[in-house]
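The sequence shown maps to residues 1 to 581 in this note's numbering. Every residue gets a Cβ at the ideal spot worked out from N, C-alpha and C, and that includes glycine. Reading through the structure tokens given below for one structure.
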Amino acid sequence: MVIGKLLRRNRILGDREAELRARERELLDRLGKAFERFGTDVDPDDLRHFNQASEQLNGLFLLVIAGEFNSGKSSFINALLGERVLPEGVTPTTDRINVLKWGDEVSDELVEAYLLERTHPAPLLRDINIVDTPGTNAVLREHEELTRDFVPRSDLVLFVTSADRPFTESERGFLEQIRAWGKKIVFIVNKIDILGGEDDRTTVLKFVRENGAALLGEEPLVFPVSARDAMQARTANDEAMWARSGFREVEDFLLTTLDQQERIRLKLLNPLNVGLKLAAKYKETAFERLKLLAEDVSTLQNIDQQLAAFHQDMLKDFGPRLGRLDALLNEMEVRGLNFFDETIRFGKIRELMQTEQVRRDFERVVVGETPKLIDDEVGRVIDWIVERNLKLWQDISAYIERRQINRHREGMIGEVGRGFNYNRQALLDSIGRAAGEAVGGFNREAESRKLAEEVRGASGVTMLAGAGVGLGVLMTAMLTGSLADITGITLAATGLYVIPARRRQAKAEFQKKVSEVRGRLNEALTRQVHSAVADSQDKVNESIAPYRRFVQVQQEQLNEARGELVVAEDALLRLRTEIGG
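Dropping the structure here:
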């Protein structure tokens, strides 16, 4: 029978097969390193399946028997081995994975939950390991998951279906998952003896072939058998009954499929197909994530553009505001020059001797409302700076909030890990939180007071400042401070001939003071505008720095991982063609 014939096959791995296995091992290692780039976002089940399939590369051929409970899987295995190794019954008798291995003595050991390792001296088990799985429609969900979990390790799947209810919906769903792993599937239609006649048998087999072809994309091998008749034939050594049971055809198939060359081919294809499935999955995951990161890059670029526009708008709008201050000082300068022309002349000698009166006239005629007007205008500039800073943070906060809503609506691309999405969302949250805190904690009055003090300090008049004294008053004090040197105090000592010279001196000194005031004020306000822009940009960039780094690092890692997956996938496809898959 099949056992003896199998044992006579050459078990020594040929040079070509050894070379193919070494190349595949190298490619699988490379693929594993590419998966590592996804960190904790690799699905643990995917990684486990990949590692188990890779480890199987050096193991014995793994034949997995799957199907619904009561389809006769255990009976089929017993008939195949020629002994009742596994319990049989009309109720689910397999509540765990049974791995059958060769051993001198019969034994069983629970190596992990729901995984029972049985040893038996059946000759067939010297060359292959057989796995009996719980039914795909088992009452306990854990049992079905066990079966699904073990399929990626298999080198060949024999799917047992019952002749009285072939190709049920639960079987169809399970087979779709097997197909996704690139497994070779052979159909065993058990209990063929319960069908009434040849027509019923033909109808059932045709139904299984057609549905299998629609599901797998090619017509599958289908073997009708009766495990019950096969066991009776084994016991009675009845060759005729053995032939009727259908197991002779299964035996011939196993001889062809499980010869050394074909067994090695399937063994090599198993981890290769698992690797290709996962490579395609994570290549697509990387692509989808790179698309999301492109949107994150757009988010960062939009924020950078808003900052650049904020800077340009501030400088553009600041010019006219500074012009209004210049206009106030120009008007005062014209009044001052006219005042000196009218006051410092021969006809005003007596008035010039009254220094305090001249000072009062100067303050009334020349200075007038200028201090208040300067204070008002400087206050408006300060308020404008404060409001623009607040508006910047409000715009960024609103923009991030819109992005947040969009992110939550999108959800996760694929169901691969949570770390990437969680970190990205957390960092985007931090920007929105920083912007919200900046807006919510913005104290306009305090910011204005702080900025006003900075302008006063930058104007070089801090030492003159007193409580409640406005900037305009301090600035105009610089204009009146020199009047004692150019009025009637010196005229009594020098004579009338100096009046024209003193008038020119007074006008020049006054223009110089006005120019100095204008320069200090312009410089102070300009400095504060640039300082406000730089401070806002620094704060925004500081808040988005972790997010920016995350996007840059993820882009680099995903591009590298995707590149490695593409290269490994291409090499595996070429190797699969060479193997003949």
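By the Cβ test, the segment 61-76 is in contact with the segment 170-179, since at least three Cβ pairs between them sit closer than 8 Å.
Counting other Cβ atoms within 10 Å of its Cβ, Ser-245 reaches 16 or more and is therefore classed as buried. Secondary structure note for Ser-74: its alpha helix (DSSP H) is the uninterrupted segment 73-81.
Taking Gly-336 as the centre and dropping the five residues before and after it, the same chain places the C-beta of Val-366 and Phe-510 closer than 6 Å to its C-beta, in chain order. Here Glu-112 is bridged, per DSSP, to Leu-115. Boundaries of the alpha helix (DSSP H) harbouring Gly-173: 169-180, taken from the DSSP string.
With respect to the C-alpha of Thr-161, the residue from Val-566, Leu-125 and Val-225 having the closest C-alpha is Val-225.
In the three-state reduction of the DSSP assignment, Ala-66 falls in the strand class, which pools E and B.
At a Cβ-Cβ threshold of 7 Å, Leu-28 and Gly-182 do not count as neighbours. Counting along the chain, no alpha helix (DSSP H) covers Ser-226, and no H or E run does either. The segment 287-295 and the segment 358-375 do not touch, with fewer than three beta-carbon pairs separated by less than 8 Å. In the DSSP assignment, His-120 is bridged to Trp-102.
Distances from the CA of Trp-102 to each of Glu-109, Arg-118 and Leu-110 were compared; the closest alpha carbon is that of Arg-118. Note that the segment 71-84 touches the segment 178-193; at least 3 beta-carbon pairs, one per stretch, sit closer than 8 Å. Two segments are said to touch when three or more pairs of C-beta atoms, one from each, lie closer than 8 Å; by this definition the segment 262-282 does not touch the segment 237-251.
In this structure, Gln-537 lies away from Leu-392, with their beta-carbon atoms at least 7 Å apart. Apart from sequence neighbours up to five positions away, the residues of its chain that approach Val-381 with a beta-carbon distance below 7 Å are Arg-321 and Leu-525, ordered along the chain. Using a Cβ distance threshold of 7 Å, Leu-195 and Val-222 do not count as a contacting pair. In the structure shown, Thr-161 falls within a strand segment according to DSSP collapsed to helix, strand and coil. Residue pairing of Asn-270 in beta bridges, as defined by DSSP: absent, with no partner found. Taking C-beta atoms under 8 Å as the contact rule, Pro-134 and Val-186 fail to qualify, at a distance of about 20 Å.
From the listed residues Val-297, Leu-116, Arg-360 and Val-533, the smallest Cα separation to Arg-548 is found for Val-297.
Per DSSP, Val-186 is one residue of the beta strand (DSSP E) stretching across 185-190. With distances taken between CA atoms, Ala-280 lies nearest to Ala-34 out of Phe-550, Ala-213, Ala-34 and Val-533.
DSSP places Ile-499 in the uninterrupted alpha helix (DSSP H) bounded by 499-579.
Cβ neighbours of Val-111 within its own chain (closer than 6 Å, five residues either side excluded): Glu-117. Put simply, of Arg-504, Ala-122, Ala-501 and Met-314 the residue whose alpha carbon is nearest the alpha carbon of Ala-534 is Met-314. A distance below 8 Å between beta-carbons, with the five flanking residues on each side excluded, links Arg-84 to the following residues of its chain, in chain order: Asn-78 and Met-231.
Going by C-alpha positions, Leu-47 is about 27 Å away from Gly-217. Under DSSP, Leu-156 takes part in a beta bridge, and its partners are Leu-63. If you draw a 10 Å sphere on the C-beta of Pro-166, you find 16 or more other C-beta atoms in it, and that means buried. For the pair Gly-379 and Glu-387, the Cα-to-Cα distance works out to about 12 Å. Bounds of the beta strand (DSSP E) holding Val-131 are 128-132. Sequence-distant Cβ neighbours of Ile-579 in its own chain, meaning closer than 7 Å and more than five residues away, are Leu-20, Arg-265, Leu-268 and Leu-269.
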